[in-house]
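K.L.:
Right, I'll just put the structure down here and ask away after.
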Amino acid sequence: MMMDRRTLSLSVFAGLVGGPSLARTAKGPVPFGATPSARQYDWQRLETYGFMHYTMNAFTDREWGYGDEPVGLFNPTDFSADQIVLAAKGGGLKGIILTAKHHDGFCLWPSRYTEHSVKFSPYKNGKGDIVGEMAEACRKHGLKFGVYLSPWDRNHAEYGRPAYVEYYHNQLEELTTQYGPLFEVWFDGANGGDGYYGGARERRKIDALTYYGWDTVRAIVRKNQPHAVMFADEHMDVRWVGNEHGQAGDPCWPTVDETPYTMAKGNAGVRGGKIWNPAETNTSIRPGWFWHADESPRTPANLTRVYFESVGRGTTLLLNLAPDRRGRVPDADVASLSGWKAILDKTFARNLATGAKVTASSTYGEGFGPAQALKANGFWAARTSDKAGAWIRFDLPKAQTFDVIRTAEDIRKGVRVDDFAIDILESGRWRTLQIHTYIGYKRLTRLSAPVTTRAVRIRILKAAASPVLGDFGLFLMPPVLEEPSIGRDRTGQVKLSAAEKDVQLFYTVDGSAPTTASTLFTAPFPLPEGGHVQAVAFSPARKVLSAVSTAKFDVAPVGWRVVSASSDTPDALLEGKGFVGRKGQPAELVLDLGKVYDLKGFTLTPGVQDIYLDVNTVAQMGAPAGYIASVSADGQTFTPVAEGEFSNIANSRSEQRIRFDTSHKGRYLKLVLPRAVQDKPTVAFSSVGVITR
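Pasting the structure below:
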C-alpha cells in the first residue's frame, strides 16, 4: 500500500469531507475540538468489518497483477457469496469491502466501459457479477457492503492520460449507483509504475496530488452515497493506520493537522488536530492479501491480540479475507474466524461491573450522573471545571475477578482526556494497575493476569476538557494463550519466544504435533540446513495449551560469501546489518552459497531502515521494486532464471518469496535490482535467502 499525498486547505477539507457534526445539536457539555460527522460516528460503531481481496491474483498466485492477465483465467469453480459472507459474520465482522477492481484493472462487475471484466470471463459464461452477488449476500445476511476501486490500473491503455480519469470516474459512478447502500468506499494509494497499459508495457508516472480529480471523486461519492465514508491517507473521512500488520499506535488520536500524511502520523494521529480523521487498522488473516496455497491463517489467539491492539486502542479493524480459487473462504480461515468470535463472545458476555454503586468527583448535571457510565449509550460528565484530578469510582456488589477493563469517551463531545490511571482497592488502599494516554471511542485494557477487587477507579491525570466517560465494563477472558513465535538467525540458530510471561515452550522438528511431552525449549538450537519446526506454549498456572505455530526453514546463510556487490559495506548483508546500495545506481549482488544447491527460488526481506538512525539517510532508501535473478555453478557463467517485480513491498515488511519456473543447479546467486520503490535514490533491504525445497 503506497499512500499518495494530497493537500487541501482546512476549510475546503471540512466542507467536502467532514460533513455536519453530531455534536452541534447534542445536549450536555460543550464539545471540545474536532468531532466526528454522522457518517464517521456510525462507521466507528461498526468496530470490526472485513476486506475481501479477490481477483485474477487468486489464479496467478500474485499479490499485484501486472494487467496483462487474460480474462479467461478468472474462473472460480464454486463461488459462493453466501459462504463468504457467513464466514465473515461467523467471525463477528459487521460488513465487507470488496476489491471491485485491483491494480491489475480486472473488474468484478460487468462494467460498460471495458472488456477487461467478469462479463468476458468463463465465470457463469460471462453472466456473473461478483460485486452484485456480494452486495446481495451482505443484504441477505445483515452485513454492510462497501467497495474498493484502485486508482491505479495497469491494464488500461490510457492510464496516465486524461481519458483514463474520465474512465475512472465513470466506473466510480457505476459502483456507487448500482449496488445499493455502501458504508465505505476505499481508495488505495498505489499509484503509477510498470504496467501492461494496453500492450505498451512501460512505466508511467502520474502526479497523485492532481491526476485523478479528487474533488470530482469525492463529489461522486457524496452525491450517490452520502452516508459512506471514504478511505485514503488524508483528506478523506478515514485515514490509514500506517502499517499492514494490525497494530494501531498507543495512543492513536482520531484527529490530525494540516501537514502532509506520513505513516508515523497515520499510526499516532495528532493530539488536538483540527481535523477529525480517525484511523482504520487494516490487516489480513493470512500473510498475503490474496489467497496463496502455501499460506496459513492467523489463529484465534493471534486475532484476539490484533483486536486489542486495534479496536482496543480506539480504531476500527478491517480484517482481510482471501477466498481461494473455488471462490470460498478456506475451511482453516473459517475455523479461525469462528474461534476468534467465540473468545470475544465469552469475554464480553457478562459485565462484572453491573450493579456497582458509582460515585464521581463531580457531575455536570441531570442526565450525566455517575450511574450513566454503566448504561448503554450513557455517559457520566464531570463539571466543566473538573479536569485533571477528576475521578469516577465503581464499588462492586461483591469481589470480582477480571483481566479486561473497558471505558470510553463520548467522541461526539470531542477527545477530552489525555492521561488516565486505572486503580483497584486492595486491603483498604488504592493500587494503580496501569496508566494510559488516550481513551477515545473505546479503550480496552488487557491485564497480564487477572486481579480481584470490590472497587475500581478511573483517575484523570491530564485532560484538555472535563471528562465525558461511559461504556464502563469489567470482564474476564476465557483461558487464551497465543502460540509461540519461531525465528532463526543468520547462523542457523532457532529461537522460540512467547507473547506472555511464565509459560513453557515445547517443540518438534520431525513433523509430529508438539505437546507438553515434546522437547522443552531452553536455549536456541541449530538448524542450518533447514527443517520444519512446530511449537506450542503452555501455562502451568492456568493449565492452558496454545495452538500450534509452525515455521519451515530453508538453508541458512552459514558459510556464504559476498563475491561482489554495489555497496560500500558489502559484508554487512551477511552480518545481519542489511544491504544498502549506492545512491542513484542499480543494486547488484553476487553470493557464493558455499556449495551447489538445487535452487528453486530466492527470498528477500525489506526493512533495512530499522538499523539506521539518521533520518536523512533513511529518507533516501527504498526497498527494491523489481529483480533480475541469475545462477551459476562456477561463478563465471550466469544463467538468467527469473525477472519480475516485488509486489506490495513499499510498506510491507513481509518476506518476498520468488520461485523460479524450474529449478537450477547452482552455487552462485546473482541479483540485479534496477531501482527502489517510490523513486527513492538508494536500493536497500534487510536479507536474502534461497529456496531449495
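The opening position of the sequence shown corresponds to residue 573 in the numbering used here, with each subsequent residue numbered one higher. Just so it is clear, CB atoms sit at the ideal spot from N, CA and C, and this is done for glycine as well.
(1) Mind the definition here: the segment 790–798 touches the segment 739–758 only if three or more C-beta pairs lie below 8 Å; say whether that holds.
(2) Would you say the segment 1026–1045 touches the segment 962–971, given that touching needs at least three Cβ pairs under 8 Å?
(3) Does the separation of the CB atoms of Leu1053 and Ala1137 fall below 8 Å?
(4) What's the call for Ser999, buried or exposed, on a 16-neighbour Cβ count within 10 Å?
(5) If distances are taken between C-alpha atoms only, which option among Gly1153, Val901 and Phe974 comes closest to Lys918?
(6) Classify Arg596: buried if its beta carbon has 16 or more other beta carbons within 10 angstroms, exposed otherwise.
(7) Would you mind working out which of Trp861, Ala1144 and Pro1112 sits nearest Phe623, comparing C-alpha positions?
(8) In terms of alpha-carbon separation, which member of Asp903, Pro942 and Lys947 lies closest to Asn923?
(9) Helix, strand or coil for Ile1011, going by three-state DSSP, please let me know.
(10) Pull up the distance between the alpha-carbon of Gly714 and that of Ala907, whole angstroms please.
(11) According to the neighbour-count rule (16 or more other Cβ atoms, all chains shown, within 10 Å of its Cβ), is Gly639 buried or exposed?
(12) Anyone know if the C-beta pair for Glu816 and Ser1224 falls short of 8 Å?
(13) Could you tell me if Ile1030 is buried or exposed, where buried requires 16 or more neighbouring beta carbons within 10 angstroms of its beta carbon?
(14) Whose CA, out of Leu893, Asn839 and Val828, lies closest to the CA of Ile857?
(15) Tell me, which residues are paired with Met1193 by DSSP?
(16) In the DSSP assignment, the alpha helix (DSSP H) including Pro850 goes from what residue to what residue?
(17) What first and last residue would you give for the beta strand (DSSP E) that runs through His1104?
(18) Cutting at 8 Å between CB atoms, please list the residues of its own chain near Leu1185, excluding the five before and the five after it.
(19) Assess contact between the segment 822–840 and the segment 862–878, defined as three or more Cβ pairs (one per stretch) separated by less than 8 Å. Is contact present?
(20) Closer than 6 Å by C-beta to Gly662: which residues in its own chain qualify, once you throw out the five before and the five after it? Chain order, please.
(21) Just to confirm before moving on: does the CB-CB distance between Asp995 and Thr1009 stay below 8 Å?
(22) I'd like to confirm the pairing. Which residues does DSSP put opposite His817 in its beta bridges?
(23) Expressed to the nearest angstrom, what Euclidean distance is found between the alpha-carbon atoms of Tyr768 and Glu641?
(24) Closer than 6 Å by C-beta to Phe678: which residues in its own chain qualify, once you throw out the five before and the five after it? Chain order, please.
(25) Using the beta-carbon count (16 or more within 10 Å), is Glu746 buried or exposed?
(26) Classify Ala993 as helix, strand or coil using the three-state DSSP reduction.
(27) Which same chain residues end up closer than 7 Å to Thr871 when comparing Cβ atoms and leaving out the 5 residues on each side of it in sequence?
(28) Specify the secondary structure class of Phe692 as computed by DSSP and reduced to three states.
(29) DSSP state of Ile778, grouped into three classes?
(30) In its own chain, which residues sit with a C-beta less than 7 Å from the C-beta of Lys1237, not counting the 5 before and 5 after it?
(31) Using the Cα positions of Gly941 and Thr931, report the straight-line distance between them to the nearest angstrom.
(32) Which complete alpha helix (DSSP H) runs does the segment 875–963 hold, if anything under 4 residues is left out?
(33) Checking 8 Å against the spacing of the C-beta atoms, do Tyr695 and Tyr740 come in under that value?
(34) Can you list, in chain order, the stretches of the beta strand (DSSP E) that have 3 or more residues and sit fully within the segment 718–763?
(35) When you compare the CB positions of Ala672 and Leu680, do they come within less than 8 Å of one another, or not?
(36) Pull up the DSSP beta-bridge partners for Phe1125, would you.
P.N.:
Looking at the atomic coordinates:
(1) yes
(2) yes
(3) no
(4) exposed
(5) Phe974
(6) In this predicted model, Arg596 has a pLDDT of only 41, less than 50, meaning its place in the structure is not dependable; the value taken from the coordinates is given anyway. Classification for Arg596: exposed.
(7) Trp861
(8) Lys947
(9) coil
(10) 21 Å
(11) buried
(12) yes
(13) buried
(14) Leu893
(15) Thr1254
(16) Unbroken run through Pro850: none, as it is neither H nor E.
(17) Gly1103 to Ser1111
(18) Note that Leu1185 scores 49 on pLDDT, short of 50, meaning its location in the model is unreliable and no value can be drawn from it.
(19) no
(20) Leu909 and Ser910
(21) no
(22) Thr855
(23) 9 Å
(24) Thr627, Met628 and His688
(25) buried
(26) strand
(27) Ser908, Glu1055 and Ala1119
(28) helix
(29) coil
(30) Val1168, Asp1170 and Ala1205
(31) 8 Å
(32) 903–920
(33) no
(34) 756–758
(35) yes
(36) Gly1103
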